[in-house]
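Residue numbers (mature numbering (1 follows the signal peptide of the UniProt record, and there is no 0)): -21 to -1, 1 to 583.
This report refers to the structure that appears directly beneath it.
Written out as C-alpha cells, the structure reads:
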C-alpha cells in the first residue's frame, strides 16, 4: 500500500547548516565524513558521520584525501584509520575531535550517539492505564556511574525506585542501587518511574515501588511531565511499558536518545494506522518533549489536529505552534495519522512515535499491542538500509514494513529485488507499506534523499500452536548502516521465554572483508547470510519455555567488533502465561548528521 500526503505542499531544501561540501567521501572503514558543525543540542562534533565519535576507523577529508585519527565508538580511545589505538583515554576522560578531553559527558555530546549523560523518559500513548513504567540504564563506562532523576523540576530519591536486576533463568531478583557509590561497571539499573496504585491485573506492581505512585502518561491528547535522567558518565538507556514482561499486556520498548542527539527538525512517524472501531481508543500517537524552557514547536500537519487537553486544534496544511518548558511533553493521539508531517523547533526536542494498541497488518487480525519509538532527527536519517527478518514464529511469518519519504523525487533501488507492493519512489511525507519475508537492502540515489523505514511483528494468534498466541504486534525502527556502532551493551527481559537478536554487519571499505562480531555468551557469531553488500544472522538467547541457548540467557549482554554492525533485540511470549506479548528495540545507534536536508514547516 502506498499513501501520499497531498496536504503537505512543501519541498525539502538543502541547507548549508553543516557548513561544508555536500559530497561525503569515504574509502576507509570509517563511517564518518569531513563535514562538521552543530545540530541542535549536540554541541560541536568531530564530523558529520555517524556513531560515537568515529565508528572505529578514521575519516577522509574533503580537501585532500588525507586520513586522520578519530575516536573509537566507545569514546575511550583515539584510533587511526584502521582502528589501531593511538591513545587510550583515562576513565576520567572521553574522546572528542580525535583527542582525550577531561569530561566524558562532553565527549558524549560531541559523539551524537545513543550514549549520553542526559535522557528523558516519557510514558507514551497507553492502553494499560496505571501500568508500571520503567527505564533501563546500562553503565558502559569504566567508572561507577551516579544516577539522578527529576520530574517537573523536583528531584526524586533514586534509592527508593532504582534496582539492580540479577537474572537466573526466568527469575529476577532485585538488589538495591548503591546511591553513595553509584552503578557498578557493566551493571544495568532499572528505574521504576511510575505506577498508579490501582493499576489492575494487567499492570503488575513495580518491584520495590515506583518513584511516582500515579499515572504519568496521558490518555489521548494532552500535556504532561516527562522524567529527566542524568548521569555523571556516559550510559545507554531504554524505556519499557508496562514493566512485568511476559506476564503483562500491550508491552512496548524504545531506545532512548540522549539530549545530545536531539535536534530541531523531524518528520512525524506514528506507530501505525488506527485500530478503531475494532479496538476502542486504539489510535496512533505523537509525543514531543522539551529540554529547555520556552521551546517553540511548529508542526505542519498533513491532517486536521483534533486537539484537546491543552493542545490546540489545527487545520491540515496550516502550521500549528505549541510552547513547552523544560521537561514538558505534548501528546497528540487521534485516529488520523500525522505521519509525514514536518516538525521544527527553536530549541532541540525529543520526538516519539507511538500507538496505544495497534493491529498489524490490519484490523482483521484481532490481536493489538502498544508501540513506541523515539525518532531520529531529519539530518540523522539514512539513505540506505538493510532489513533483516526476526526469527520466524511459523512458516508464514513475514515482517510488515512502513516507509516514509523525506524529500520529493526519492528514487529507490532494491536488492535482491523489489518486494511486492514496495515503492520505487517516495515524496516528502509519503507513506508506503508492504510485507517482505526475506531480507533486503534499499537505497536512494544519494544522501540528500533520506527516508525512514520501520519493521513490524504481526499479531500472534495465527501462530497459536498450543497457546493462544505467539508474540504480538511490535514496531521497531530500522537503523541505517551509516549509523551502526562497533560496541553495544544492552539488557534483555527475563520474563520473556523467547529472546533473540538480529545482527547486520558491514564490510570493510578497504578490502571488502567482514570482521567477527562477538557476543559475550557466544564468542564470534556464526550463520551469516549475505544480503547485498552486507551480511546478517539471527541469534537465539532463550527459547521454548525459558530454555537458555548454549551459554546464553536473558539479562545484560555486550557485543563488539572491529567494524560497524547493527543489533535489534526481540522478545516475545509463547507459554500459557506469556501469550500475545512482544517487545523490540535497537541496541544502540549513531545520530550524527549524515545529510544536509532541512524540512520547513512554513506552508509553501
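Cβ atoms here follow ideal geometry from the backbone N, Cα and C, with glycine treated the same way.
Straight-line Cα distance separating residue 103 from residue 291: Position 312 of the chain shown, counting from 1, holds the residue named residue 291. Position 124 of the chain shown, counting from 1, holds the residue named residue 103. Rounded to whole angstroms, residue 291 to residue 103 spans 19 Å at the Cα level.
**Item:** Residue range of the beta strand (DSSP E) that includes residue 204
**Value:** Against the chain shown, residue 204 aligns to sequence position 225. From DSSP, the beta strand (DSSP E) with residue 204 extends over 201 to 204.
Notebook entry, point to check: In three-state terms, what does DSSP make of residue 479?
Noted result: Stepping through the chain shown from its first residue, residue 479 is reached at position 500. If DSSP states are grouped into helix, strand and coil, residue 479 belongs with the strands.
ask   = For residue 580, which of helix, strand or coil comes out of DSSP?
value = As a first step, residue 580 must be located in the chain shown, where it is residue number 601. Coil at residue 580, not helix or strand.
Minimum Cβ-Cβ distance from residue 307 to chain D less than 8 Å: Considering every chain present, this structure includes no chain D. It has just one protein chain.
Quiz item: When DSSP labels each residue in this structure, what does residue 137 get in the three-state scheme?
Solution: The count along the chain shown starts at 1 and reaches residue 137 at position 158. Helix, per DSSP.
Margin query: Please give the ranges of any beta strand (DSSP E) in the stretch 471 to 539, keeping only runs that are unbroken, at least 3 residues long and fully inside the region.
Written below: 477 to 484, 496 to 498, 508 to 510, 513 to 522
Do the stretch 406 to 421 and the stretch 186 to 195 make contact, defined as three or more Cβ pairs closer than 8 Å? no
> DSSP puts residue 435 in a beta bridge; with which residues?
Replying inline: The residue you call residue 435 lines up with position 456 of the chain shown. DSSP, once it has assigned bridges, lists 379, 454 as partnering residue 435.
Q) Alpha carbon to alpha carbon, how far is residue 110 from residue 119? A) Sequence index remark: in the chain shown, residue 110 carries index 131 (1-based). Sequence index remark: in the chain shown, residue 119 carries index 140 (1-based). In a straight line, the C-alpha of residue 110 is about 29 Å away from that of residue 119.
Original post:
Should the stretch 312 to 321 be called in touch with the stretch 206 to 214, which here means at least 3 C-beta pairs below 8 Å?
Top reply: no
Hey, residue 515 and residue 460 are a contact pair by Cβ (cut 8 Å); roughly how many whole angstroms apart?
Taking the chain shown and counting its residues from 1, one reaches residue 515 at position 536. Taking the chain shown and counting its residues from 1, one reaches residue 460 at position 481. With a beta-carbon spacing of about 11 Å, residue 515 and residue 460 fall beyond the 8 Å limit used to define contacts.
Exercise for the section: Alpha carbon to alpha carbon, how far is residue 311 from residue 260? Give it in angstroms, no decimals. Expected result: Residue numbering aside, residue 260 sits at position 281 when the chain shown is read from its first letter. Residue numbering aside, residue 311 sits at position 332 when the chain shown is read from its first letter. In a straight line, the C-alpha of residue 260 is about 13 Å away from that of residue 311.
| Contact the stretch 301 to 315 vs the stretch 278 to 286: 3+ CB pairs below 8 Å | The stretch 301 to 315 vs the stretch 278 to 286: in contact.
Assigned secondary structure, residue 411 (DSSP; H/G/I helix, E/B strand, else coil) = The residue given as residue 411 occupies position 432 in the chain shown. If DSSP states are grouped into helix, strand and coil, residue 411 belongs with the strands.
### Message
Considering just the uninterrupted stretch of the beta strand (DSSP E) at residue 321, what are its terminal residues?
### Response
As a first step, residue 321 is located in the chain shown; it is residue number 342 there, counting from the start. Here the beta strand (DSSP E) through residue 321 covers 321 to 337.
query = Which residue from 529, 538, 389, 526 puts its Cα closest to that of residue 495?
reply = Mapped onto the chain shown, residue 495 falls at position 516. Considering only alpha carbons, the answer is 538.
Task: Spatially closest choice to residue 252 from 409, 94, 314, by CA coordinates - done: Mapped onto the chain shown, residue 252 falls at position 273. The option with the nearest alpha carbon to residue 252 is 314.
Which same chain residues, not among the five before or five after residue 132, have their C-beta less than 8 Å away from its C-beta? As a first step, residue 132 is located in the chain shown; it is residue number 153 there, counting from the start. If we look at residue 132 and ignore the five residues flanking it on each side, its Cβ neighbours are 305, 306.
Subject >> Three or more C-beta pairs below 8 Å linking the stretch 328 to 347 and the stretch 362 to 374 >> reply: no
Check your understanding: Are the beta-carbon atoms of residue 283 and residue 294 separated by less than 8 Å?
Key -> Counting from one through the chain shown, the residue named residue 283 turns up at place 304. Counting from one through the chain shown, the residue named residue 294 turns up at place 315. It is a contact, given that the beta carbons lie within the stated cut-off.
Collapsed DSSP secondary structure at residue 573 in the structure displayed | Taking the first residue of the chain shown as position 1, residue 573 is located at position 594. Looking at residue 573 - three-state DSSP - the assignment turns out to be coil, as it is neither helix nor strand.
What separation, rounded to the nearest whole angstrom, lies between the Cα atoms of residue 508 and residue 481?
Numbered from its first residue, the chain shown carries residue 508 at position 529. Numbered from its first residue, the chain shown carries residue 481 at position 502. One C-alpha to the other measures close to 12 Å.
Query raised in the report: Which runs of the beta strand (DSSP E) fall wholly inside the stretch 106 to 194 and span at least 3 residues, in chain order?
Result: 112 to 118, 126 to 130, 133 to 135, 141 to 147, 150 to 155, 167 to 173
Which two residues bound the contiguous alpha helix (DSSP H) that contains residue 90?
Taking the first residue of the chain shown as position 1, residue 90 is located at position 111. Unbroken alpha helix (DSSP H) run through residue 90: 83 to 90.
Which residues in the same chain as residue 159 place their Cβ atom closer than 8 Å to its Cβ, once the five residues preceding and following it in sequence are excluded? Working through the chain shown from its first residue, we reach residue 159 at position 180. So no residue of the chain qualifies.
What three-state label does DSSP hand residue 395 in the structure shown? In the chain shown, the residue the question calls residue 395 occupies position 416. Reduced to three states, the DSSP call for residue 395 is coil.
Q.
I'd like the span of the beta strand (DSSP E) that includes residue 318, first residue to last.
A. Indexing the chain shown from 1 puts residue 318 at position 339. Unbroken run through residue 318: none, as it is neither H nor E.
* Are residue 190 and residue 98 closer than 8 Å when you measure CB to CB? -> The sequence position of residue 190 within the chain shown is 211, counting from 1. The sequence position of residue 98 within the chain shown is 119, counting from 1. It is not a contact, given that the beta carbons lie outside the stated cut-off.
Requested in this report: Consult DSSP for residue 239 and reduce its assignment to one of helix, strand or coil.
Outcome: As a first step, residue 239 is located in the chain shown; it is residue number 260 there, counting from the start. The answer is helix: DSSP assigns residue 239 an H, G or I state.
Check your understanding: Quick one: any contact between the stretch 235 to 248 and the stretch 321 to 340, if contact means 3 or more CB pairs under 8 Å?
Key -> yes
* Asked: Any idea what DSSP makes of residue 247, helix, strand or coil?
  -> Residue numbering aside, residue 247 sits at position 268 when the chain shown is read from its first letter. Residue 247 falls in the coil class under three-state DSSP.
Hey, could you find the ends of the beta strand (DSSP E) residue 275 is sitting in? Taking the chain shown and counting its residues from 1, the one referred to as residue 275 is at position 296. Note, residue 275: beta strand (DSSP E), 274 to 278.
*asked:* Assuming contact is defined by CB atoms lying nearer than 8 Å, are residue 361 and residue 263 in contact in what I supplied?
replied: The residue labelled residue 361 in the question sits at position 382 within the chain shown. The residue labelled residue 263 in the question sits at position 284 within the chain shown. In this structure, residue 361 lies away from residue 263, with their beta-carbon atoms at least 8 Å apart.
- Query: Is residue 207 helix, strand or coil when you go by DSSP?
  - Reply: Here residue 207 is taken as the residue at index 228 of the chain shown, counted from 1. Note: residue 207 maps to strand in three-state DSSP.
Next on the checklist: Output needed for residue 258: all residues of its chain with C-beta closer than 6 Å, excluding positions within five of it in sequence on either side, in chain order.
Outcome noted: The residue you call residue 258 lines up with position 279 of the chain shown. Around residue 258: 336, 347.
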